[in-house]
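Structure, as C-alpha cells:
Number of protein chains: 2
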Amino acid sequence: MRATVLHAPRDVRVEDRPRAALQQPTDAVIRTVATCVCGSDLWDYRGVNEIAEPTPGGHEYVGIVEEVGSEVTGIKPGQLVVGLFFASDNTCPNCENGYQTNCLHREFVGGCQAEYVRVPLADGTLVHVPGDVAEEHIPSLLACSDVMGTGWYAAVAAQVEPGDTVAVVGDGAVGLCAVIAAKELGATRIIAMSRHAPRQQLAREFGATDVVAERGHEGAARIKELTGGIGADAVLECVGNPESMRQALHSTRPGGNVGFVGVPHGVQIDGEELFFSHVALRGGPAPVRAFLPDLIERVLTGRINPGKVFDLELPLDQAAEGYRAMDERRAIKTLLRP
Amino acid sequence: MRATVLHAPRDVRVEDRPRAALQQPTDAVIRTVATCVCGSDLWDYRGVNEIAEPTPGGHEYVGIVEEVGSEVTGIKPGQLVVGLFFASDNTCPNCENGYQTNCLHREFVGGCQAEYVRVPLADGTLVHVPGDVAEEHIPSLLACSDVMGTGWYAAVAAQVEPGDTVAVVGDGAVGLCAVIAAKELGATRIIAMSRHAPRQQLAREFGATDVVAERGHEGAARIKELTGGIGADAVLECVGNPESMRQALHSTRPGGNVGFVGVPHGVQIDGEELFFSHVALRGGPAPVRAFLPDLIERVLTGRINPGKVFDLELPLDQAAEGYRAMDERRAIKTLLRP
Numbered sequence: 001m002r003a004t005v006l007h008a009p010r011d012v013r014v015e016d017r018p019r020a021a022l023q024q025p026t027d028a029v030i031r032t033v034a035t036c037v038c039g040s041d042l043w044d045y046r047g048v049n050e051i052a053e054p055t056p057g058g059h060e061y062v063g064i065v066e067e068v069g070s071e072v073t074g075i076k077p078g079q080l081v082v083g084l085f086f087a088s089d090n091t092c093p094n095c096e097n098g099y100q101t102n103c104l105h106r107e108f109v110g111g112c113q114a115e116y117v118r119v120p121l122a123d124g125t126l127v128h129v130p131g132d133v134a135e136e137h138i139p140s141l142l143a144c145s146d147v148m149g150t151g152w153y154a155a156v157a158a159q160v161e162p163g164d165t166v167a168v169v170g171d172g173a174v175g176l177c178a179v180i181a182a183k184e185l186g187a188t189r190i191i192a193m194s195r196h197a198p199r200q201q202l203a204r205e206f207g208a209t210d211v212v213a214e215r216g217h218e219g220a221a222r223i224k225e226l227t228g229g230i231g232a233d234a235v236l237e238c239v240g241n242p243e244s245m246r247q248a249l250h251s252t253r254p255g256g257n258v259g260f261v262g263v264p265h266g267v268q269i270d271g272e273e274l275f276f277s278h279v280a281l282r283g284g285p286a287p288v289r290a291f292l293p294d295l296i297e298r299v300l301t302g303r304i305n306p307g308k309v310f311d312l313e314l315p316l317d318q319a320a321e322g323y324r325a326m327d328e329r330r331a332i333k334t335l336l337r338p
Numbered sequence: 001m002r003a004t005v006l007h008a009p010r011d012v013r014v015e016d017r018p019r020a021a022l023q024q025p026t027d028a029v030i031r032t033v034a035t036c037v038c039g040s041d042l043w044d045y046r047g048v049n050e051i052a053e054p055t056p057g058g059h060e061y062v063g064i065v066e067e068v069g070s071e072v073t074g075i076k077p078g079q080l081v082v083g084l085f086f087a088s089d090n091t092c093p094n095c096e097n098g099y100q101t102n103c104l105h106r107e108f109v110g111g112c113q114a115e116y117v118r119v120p121l122a123d124g125t126l127v128h129v130p131g132d133v134a135e136e137h138i139p140s141l142l143a144c145s146d147v148m149g150t151g152w153y154a155a156v157a158a159q160v161e162p163g164d165t166v167a168v169v170g171d172g173a174v175g176l177c178a179v180i181a182a183k184e185l186g187a188t189r190i191i192a193m194s195r196h197a198p199r200q201q202l203a204r205e206f207g208a209t210d211v212v213a214e215r216g217h218e219g220a221a222r223i224k225e226l227t228g229g230i231g232a233d234a235v236l237e238c239v240g241n242p243e244s245m246r247q248a249l250h251s252t253r254p255g256g257n258v259g260f261v262g263v264p265h266g267v268q269i270d271g272e273e274l275f276f277s278h279v280a281l282r283g284g285p286a287p288v289r290a291f292l293p294d295l296i297e298r299v300l301t302g303r304i305n306p307g308k309v310f311d312l313e314l315p316l317d318q319a320a321e322g323y324r325a326m327d328e329r330r331a332i333k334t335l336l337r338p
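For the protein sequence lines, the chains are A and B, in the order given. With UniProt numbering, the residue at position 227 of the first sequence is 227, and numbering never jumps. With UniProt numbering, the residue at position 76 of the second sequence is 76, and numbering never jumps.
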C-alpha cells in the first residue's frame, strides 16, 4: 500500500509498504477514505523531535472497515468509521472517567497517511457513522478525528459555560476548532488571537466576536483591556510553547480556567505565580473518544462545519507538498486522499 | 497595646505598640478576643522569608468591633466579628466571581497578634456572628478566619464532589481542616497523609477513613494502591514545597484535580508532565470571605468543630513559646488570648 514515511527533517516520501493487517483479535483494518497532516506532525517534520528511524506519518483518519478480528463485536466490515490517534478499550476506569487518552490499554495509532490502517481495540476506538453520508461531510468527520475533538476538549478543560468570555491562543486548525467549541458551549464573547487575515476570517465565520493580533505581553494586555481589566473567563491554549502558555495564563481572570492542548515544548510553570493568579490549568492529549458521537451528530445535522479548516486537498502521493504548505503557513491544514 | 513583633529568625517579642486606630472612613478597629499563630508565620519565623525590619505578626482574628469609620454601614460597634487576612471590598468583579483575595482593592491585614486590630474595608471584610455566642465556639470561629476557610478552598478548588475519593497532603492545621471540608462536601473516602500519631487521630476524628504515613514516591504509590491503581479523584495540597506538590500530582487520577493552598516555595511544574497527567491544578490564597458565612453557620450549629486544631492556648504575652511549640511540632496550632 502507499503510505507517507518521514526520513529526516523536511524529507517526507510516499512509499510502498506492507498492507496493514490484523494482528490481534480486537483489531480492525480500515480502508482510508481521507487522512490529513496535523500541526503536531510538524514538530517531527521540522526536526524539533528527533527522528530515530524512517517513520510512517499521520494519525487522523476516516475510513471504511475492511476486516475485523474475531473478538470485535460492535464494528462491522463495510461501515464508515471515524477513529482516533489513541486506541482505547473505552471500558477501563480512566475511560469511564472520560479520559480515554489515558486508557490503561491505550496504544498510539500511527502511520495513518496510508491506504489502509490497522486500528487496535476497534470496539473502543472506532465510531460508526450511521446512514448515507454525503461526500461533503467527509472533511468535517475527518476533523472530528483530532482537531475538532481537541479544540472541544480545550473548551471542556477550561470549563466554558454559557455567557462566558473566551480567548483562544493559536490560529492553527485546533485553535480555529476551539472557537467552534466555545460557541457551541454557549460563550457569548469569543476572542481569537491571530495575525493572519485568512485565519482571522475563518475564526469569525466559526463564531469569534473579536480578533486580537497582538501577542505575548501585548496580547494579554489587549485581552485585559477588552474585559474591563479583569481577564477572560476561559482561555484555550492551542500552541504549546512557553510564550503561548504565558500569554494564556496572563489573559485569564482570577478564578478563570486555561485549557491547554498544544503539546508543551519547553514549558515550565512557576508554582508561586500560578498560585497568586488563582487560575486553574488542565491539559492533555484530548480524550476525543468521549466527544466523538456528539461531534459526529453536530456535523451530520449541519450545526458545525470544522472541515473548513482544510484549505488544501491533495492526493496522498503529493503528501510532501501538503507538509510543505503547512510548514510555510501557506495552508492551515492539508487533507490527503489515498 | 501589647502585640507580637518578629525581630529576626526565631526572635518573637511581645511589645508595647501604638493602639490600632481608624485611618480611613471605611476602616473598623476591633478589640481582639482571640488570635493565633499560622503555619505561614513560620516561613518568616524560620528565616525562609527575609525579615527586612521588625514586623508585627499574625493575620487571624476574632474580635468585638470597637469603632467604625464614617462610611462603614454594615458593621456596628459591639458586634462579634470574624475577619480575614486580606481585606476586600466584596463588590468588585473579582469579589463577585468569588475570588475576594484577588479584590481590586485588597489590602493585607497584618499585625493581628495584638490587643486591637485595624481592619480596612470593614463592610467587605468582616462577618458579624449573630446571637449569643458560647465561649466554646470561639476557637472554631477563629479557625474560620484562615485555616478552616483555606482547607475549604482546597476542597472547592479540587472540585470535591459527593462520592469522591480525596487525599490530603499535609497534616498541619490547614490539612486537618481540609479533611473536614472534604467530608462536608460529600467525599466518601478521605485519605490523610500523616506520620504523626496525634494528627492522624485528629484527622480520623475529622472524617479521614484512611491514613498513609509514606511520603514522596512511596506516598503516591500507596495512594495508587488504595485506589485500584488509578489515583484519587481530588488531592488537597496543604504544604507548598516541591516534594509535596510532586506527591499531590502523582497521587491524582487522570482527569482528577489538585487544589493547592500551601504557599509554593521553590515549586516548578513541568508543562509536559502536567499535560500527560490530565490533572487540573488550582491554587491561591483562599478567598475565605466567600465561604465565611456558611462556615460560621456550620460552626454555630455544631456540624464542624475545626477549633480542635488548637492544641495549645496561651496568653498573648507568651506568644514566643507559642511559635516555638509549633516550630518544634510540639503543637499543631497555638491560640493566643490578649
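No residue lacks a Cβ here, since even glycine has one placed at the ideal position from N, Cα and C.
Name the chain A residues that come within less than 9 Å of residue i, Cβ to Cβ?
i, result
"D270 (chain B)", "P264, V267, Q268 and I269"
"F260 (chain B)", "G271, L274 and F275"
Here's the rule: buried if 16 or more other CB atoms are within 10 angstroms of the residue's CB, otherwise exposed. What is residue i?
i, result
"K308 (chain A)", "buried"
"S277 (chain A)", "buried"
"K76 (chain A)", "exposed"
"G131 (chain B)", "exposed"
"R10 (chain B)", "exposed"
"residue 341 (chain A)", "The shown model of chain A, from 1 to 338, leaves out residue 341 (chain A), and the question about it has no answer."
"residue 345 (chain A)", "Here chain A comprises residues numbered 1 to 338, so residue 345 (chain A) is not present and cannot be evaluated."
"T150 (chain B)", "buried"
"residue 344 (chain B)", "Nothing can be reported for residue 344 (chain B): it is not among the residues displayed for chain B, which extend from 1 to 338."
"D41 (chain A)", "buried"
"P315 (chain B)", "exposed"
"R106 (chain B)", "buried"
"T35 (chain A)", "buried"
"H7 (chain A)", "exposed"
"G240 (chain A)", "buried"
"D89 (chain B)", "buried"
"V48 (chain B)", "exposed"
"T4 (chain A)", "buried"
Measure the alpha-carbon distance for residue i versus residue j and round it to whole angstroms.
i, j, result
"H137 (chain B)", "C112 (chain B)", "20 Å"
"A158 (chain A)", "L274 (chain A)", "15 Å"
"R81 (chain A)", "R46 (chain A)", "For the record, residue 81 (chain A) in the displayed sequence is Val; it is not Arg. Whole-angstrom Cα-Cα distance: 31 Å."
"C238 (chain A)", "D171 (chain A)", "8 Å"
"E50 (chain A)", "D44 (chain A)", "7 Å"
"G284 (chain A)", "F260 (chain A)", "7 Å"
"V14 (chain A)", "P338 (chain A)", "11 Å"
"F86 (chain B)", "L336 (chain B)", "20 Å"
"Q247 (chain B)", "G231 (chain B)", "11 Å"
"T209 (chain A)", "S251 (chain B)", "40 Å"
"A325 (chain A)", "V37 (chain A)", "10 Å"
"G98 (chain B)", "G255 (chain A)", "8 Å"
"I332 (chain A)", "G39 (chain A)", "9 Å"
"V235 (chain A)", "A286 (chain A)", "16 Å"
"R253 (chain B)", "V166 (chain B)", "11 Å"
"N305 (chain A)", "L176 (chain A)", "11 Å"
"G69 (chain A)", "V33 (chain A)", "21 Å"
"G219 (chain B)", "V212 (chain B)", "7 Å"
"V12 (chain B)", "A320 (chain B)", "5 Å"
Strictly below 9 Å CB to CB, what residues from chain B border residue i?
i, result
"N102 (chain A)", "R253, P254, G255, F276, S277 and H278"
"residue 342 (chain A)", "Within the shown structure, residues of chain A are numbered from 1 to 338, placing residue 342 (chain A) beyond reach of any answer."
Identify the contact partners of residue i in chain B, using a Cβ-Cβ distance below 8 Å as the criterion.
i, result
"L281 (chain A)", "L274, A280, L281 and R282"
At 7 Å on the CB atoms, spell out the chain A contacts of residue i, in chain order.
i, result
"G228 (chain B)", "P93"
"M245 (chain B)", "G271"
Which residues in chain A sit within 8 Å of residue i, going by Cβ to Cβ distance?
i, result
"M326 (chain B)", "Here the premise fails: no neighbours, minimum Cβ distance about 22 Å."
Would you mind telling me which residues of chain B sit closer than 7 Å to residue i, beta carbon to beta carbon, in chain order?
i, result
"F85 (chain A)", "Those within 7 Å of F85 (chain A) in chain B number zero; the least Cβ separation is about 14 Å."
Flag residue i as yes when its Cβ comes closer than 7 Å to any non-hydrogen atom of the ligand PLP, and as no otherwise.
i, result
"L312 (chain A)", "Annotation note on the ligand PLP: not contained in the displayed structure, which lists no ligands."
(message) Quick check: the stretch 120-132 of chain A against the stretch 62-81 of chain A, are at least 3 beta-carbon pairs closer than 8 Å?
(response) yes
(request) Could you name the residues of the stretch 98-122 of chain B whose beta carbon sits closer than 7 Å to any beta carbon of chain A, in the order they occur along the chain? (result) G98, Y99 and N102
(message) Closer than 8 Å is the cut-off here; do at least three beta carbon pairs connect the stretch 192-201 of chain B with the stretch 281-294 of chain B?
(response) Touching, no, given that fewer than three Cβ pairs across the two stretches are closer than 8 Å.
(message) Between the stretch 115-124 of chain B and the stretch 27-36 of chain B, can you find at least three pairs of beta-carbon atoms closer than 8 Å?
(response) Yes, they touch.
(message) Closer than 8 Å is the cut-off here; do at least three beta carbon pairs connect the stretch 89-102 of chain A with the stretch 140-148 of chain A?
(response) Judged by pairs of C-beta atoms under 8 Å, the stretch 89-102 of chain A does not touch the stretch 140-148 of chain A, as fewer than three such pairs exist.
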